[in-house]
Amino acid sequence: MGNILEIKNLVCGYDGKEVIKDVSFSVQSASFTGIIGPNGAGKTTLLKSISRIIRPSRGEIYFQGRDIFDFKIKELARAVAVIPQSLQIPFSFTVEEFVNMGRFSRLGRFQRFGRYDREAVAGALFLTDTLELKERKINELSEGEKQRVIIAQGLAQEPQLLLLDEPTSHLDITHQVQILNLLKHLSVQNNLTVLIVLHDLNLASEFCKELILLHHGRIHKEGRPQEVLTYQNIEDVYKTLVIVKENPLSHKPYVFLVPKEIKAVR
Amino acid sequence: MKKIIWLYLCACLVLILSCVFSLILGPAKFSLKELIAALLNPHNTSSASLIIWQIRIPRLILGLLVGAGLSVCGATLQALLRNPLAEPYTLGISSGAALGVALAFALNLAGISLPLFAFLGAVLSIVIVYNVASWKKFTNSTLILAGVILNSFFSSLVLLLFGLLKSSKIQNTIIWLMGDLSSFSQSQLKLVAAFIILGISLLIFLGRDINVLTLGDEKAMHLGIDVELMKKIIFVLASLVTGACVAVSGIIGFIGLLIPHFIRQFSGPEHRVLLPLSAIVGAAFLVICDSLSRTLIAPLELPVGVVTGICGGFFFLLLITKAKKWEIF
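Same order as they appear, the protein sequences are chains A and B. Just so you know, we're using the working numbering here: the first sequence kicks off at 1 and counts up by one. Just so you know, we're using the working numbering here: the second sequence kicks off at 267 and counts up by one.
Encoded structure:
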């Protein structure tokens with residue numbers, strides 16, 4: 001399997017202030033990669049430049065060997081779907097109408113919504129377990145349901161790469177695990193490449209095959225969770241004392257916090 | 267699907283009724299029989315035939331066009347600015363267009379330059395409002411505040427301009443600024459009709475894009491829209507329609523607010539349904555308002571903007587009191 005995404009010496013930020021300072025990495029096709037790091041490390045900025053919202057001031061981003069800025073906007077939308085942290089939807093579209101919009105990039109100006117489009121939407125609704133919400137208004141759903149519907153819209157784009165910015169941060173653990181299970185399933189079954197920003201180190205550890213630990217706009221460490229989530233790395237980056245143990249079932253590292261009183265006793 | 271057909275049927279029924287209503291009512295009242303007789307014999311020289319064909323039908327057509335145009339513009343602006351209170355009037359776009367018309371008058375221009383200057387005035391207002399909206403500090407309600415200020419600023423400029431040039435016409439100008447369907451020239455009707463119909467059709471054609479743009483710039487781009495380009499195109503079309511409406515009817519407020527909100531209750535926000543339905547019902551609504559404005563204080567006439575203003579003012583209050591639903595304030 002080749003690299004679907006390659007980032008070379010990326011420098012970017014807002015209003016001349018550099019947030020990402022020289023980041024290079026590549027993402028393998030059909031992999032599940034997590035981006036972690038403390039607040040302000042540049043996780044969201046990195047994702048925004050990969051999804052073309054902000055133009056890098058230096059460096060290149062290649063998707064399938066082509067510079068992403070050489071793609072037409074519509075062409076890129078057929079290959080890359082982006083799930084934001086939260087989405088304000090001012091009008092009460094039905095779930096079906098909303099997911100249908102995922103087909104926008106696949107439809108020509110004069111082309112009608114066809115049978116294949118309907119099937120793609122039905123498939124996306126099925127995968128995200130939102131078929132029964134089809135007729136409901138999107139603004140009347142719970143946060144967990146809404147996030148699943150937003151993911152369904154992304155899947156209706158039939159992308160090869162799915163970029164997600166902390167898609168579970170507003171959800172309780174049931175929905176967090178449910179959504180990450182879904183993404184994991186998709187990456188294995190449908191050869192979907194997933195690049196996801198996560199806040200929660202333990203979720204990242206359990207679900208991601210590869211992790212990228214960002215710190216002050218640079219990659220502090222990248223590799224398998226066992227290599228990245230060591231107490232030493234976490235202490236360096238988060239300035240917090242932790243203990244890392246192995247989850248007895250999954251054998252993935254698990255990060256325990258150490259409260260101040262306990263530190264004092266020891 | 268069935269529901270949509272029913273909605274269209276109801277809307278068309280309302281439209282036909284409003285047309286009949288407006289042809290019958292006025293300083294001279296006709297019976298349905300007289301109306302049909304007059305409609306069937308356009309070249310008859312009876313007074314009924316003359317009044318209906320020479321006066322009421324052109325005015326009816328104008329009312330239909332302006333009502334449809336302003337409603338579609340309202341729905342479009344609400345979608346693009348993601349603001350439920352947006353419409354040509356509350357954003358000051360209508361008064362920008364009015365300023366354009368006043369300038370054209372001042373320069374002694376006529377014909378196509380009236381809607382053209384109105385269009386330029388509308389574009390100017392949209393550029394101001396849109397840039398204000400892009401500043402991070404501005405919330406939806408401050409945007410409307412900016413629109414209201416723009417509105418009174420431009421209206422004052424219009425009055426000043428007319429006052430300096432032809433102070434005898436100032437009375438007419440005030441009426442025109444209130445929104446008025448009685449003082450248009452028939453030669454303008456065809457031209458303006460072309461602008462409005464073209465603009466509305468293109469906006470409906472772009473309904474799918476407008477749907478996606480309601481999700482905000484970033485999401486719209488990720489779904490495959492060239493956001494900057496599409497927004498420009500859509501704003502230009504909305505300016506064109508608003509400009510054409512204002513050039514012939516002055517500033518008629520609140521239709522663009524009332525009608526799309528009303529229709530959305532039934533059709534939902536899918537713009538390929540919402541826009542055509544808004545056009546039909548908006549046309550009917552303005553025609554009814556116009557009939558009322560002709561009869562309420564007969565034999566005198568009210569500017570139609572007074573009637574829409576009264577309906578719209580109440581509705582505006584209603585909207586901002588249940589604003590929580592929109593999560594905007």
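By construction, the Cβ of each residue, glycine as well, lies at the ideal position given by its N, Cα and C atoms. Just so it is clear, the structure is predicted and the values come from calculations on it, not from any experiment.
Residues in its own chain within less than 7 Å of residue i by CB, not counting five upstream and five downstream?
i             : result
residue 301/A : Because chain A in this structure spans residues 1 to 266, residue 301/A falls outside the shown range and cannot be described.
residue 129/A : 148
CA-CA distance, residue i and residue j?
i             : j             : result
residue 491/B : residue 91/A  : 19 Å
residue 581/B : residue 442/B : 23 Å
residue 347/B : residue 396/B : 8 Å
residue 594/B : residue 300/B : Here residue 594/B scores only 39 on pLDDT, less than 50, and its place in the model is too uncertain to base an answer on.
residue 420/B : residue 386/B : 13 Å
residue 341/B : residue 543/B : 11 Å
residue 256/A : residue 151/A : 30 Å
residue 592/B : residue 563/B : Only weak support is given to the placement of residue 592/B: the predicted model assigns it a pLDDT of 46, under 50, and the value that follows is read from those uncertain coordinates. Roughly 38 Å separates the two Cα atoms.
residue 9/A   : residue 394/B : 39 Å
residue 88/A  : residue 196/A : 20 Å
residue 204/A : residue 33/A  : 9 Å
residue 559/B : residue 517/B : 15 Å
residue 281/B : residue 528/B : 15 Å
residue 494/B : residue 306/B : 51 Å
residue 164/A : residue 139/A : 21 Å
residue 296/B : residue 113/A : 49 Å
residue 565/B : residue 577/B : 22 Å
residue 519/B : residue 343/B : 14 Å
residue 58/A  : residue 23/A  : 10 Å
residue 315/B : residue 515/B : 25 Å
residue 11/A  : residue 73/A  : 22 Å
residue 240/A : residue 199/A : 15 Å
residue 501/B : residue 379/B : 20 Å
residue 159/A : residue 104/A : 13 Å
If we count the other Cβ atoms within 10 Å of its Cβ and call it buried at 16 or more, is residue i buried or exposed?
i             : result
residue 535/B : buried
residue 19/A  : buried
residue 39/A  : exposed
residue 405/B : exposed
residue 17/A  : exposed
residue 67/A  : exposed
residue 376/B : exposed
residue 115/A : exposed
residue 418/B : exposed
residue 603/B : Given that chain B is displayed from residue 267 to residue 595, the structure contains no residue 603/B and the question cannot be resolved.
residue 318/A : Residue 318/A cannot be examined here, being either before or after the span of chain A that is shown, 1 to 266.
Taking 8 Å as the limit between beta carbons, can you name the residues of its chain near residue i, skipping five residues before and five after?
i             : result
residue 246/A : 252, 253 and 254
residue 243/A : 231, 255, 256 and 258
residue 171/A : 143, 144, 147 and 179
residue 533/B : 270, 273, 539, 540 and 543
residue 482/B : 348
residue 222/A : 25, 210, 211, 212, 213 and 228
In terms of alpha-carbon separation, which member of the options lies closest to residue i?
i             : options                       : result
residue 327/B : 354/B, 275/B, 562/B and 552/B : 552/B
residue 4/A   : 63/A, 42/A, 229/A and 249/A   : 63/A
residue 392/B : 565/B, 413/B and 586/B        : 413/B
residue 504/B : 450/B, 548/B, 462/B and 577/B : 462/B
residue 427/B : 390/B, 471/B, 364/B and 380/B : 364/B
residue 184/A : 206/A, 110/A and 72/A         : 206/A
residue 83/A  : 451/B, 488/B, 561/B and 460/B : 488/B
residue 319/B : 331/B, 303/B, 509/B and 332/B : 303/B
Per DSSP, what are the beta-bridge partners of residue i in this structure?
i             : result
residue 414/B : The partner list for residue 414/B (beta bridge, DSSP) is empty, contrary to what the question assumes.
residue 215/A : 218/A
residue 72/A  : Answer is none; residue 72/A lacks a bridge partner.
residue 3/A   : 28/A
residue 580/B : DSSP, once it has assigned bridges, lists no residue as partnering residue 580/B.
residue 193/A : 161/A
residue 58/A  : 11/A
For residue i, which residues in the same chain have their Cβ closer than 6 Å to its Cβ, ignoring the five residues on either side in sequence?
i             : result
residue 338/B : 466, 469, 541, 544 and 545
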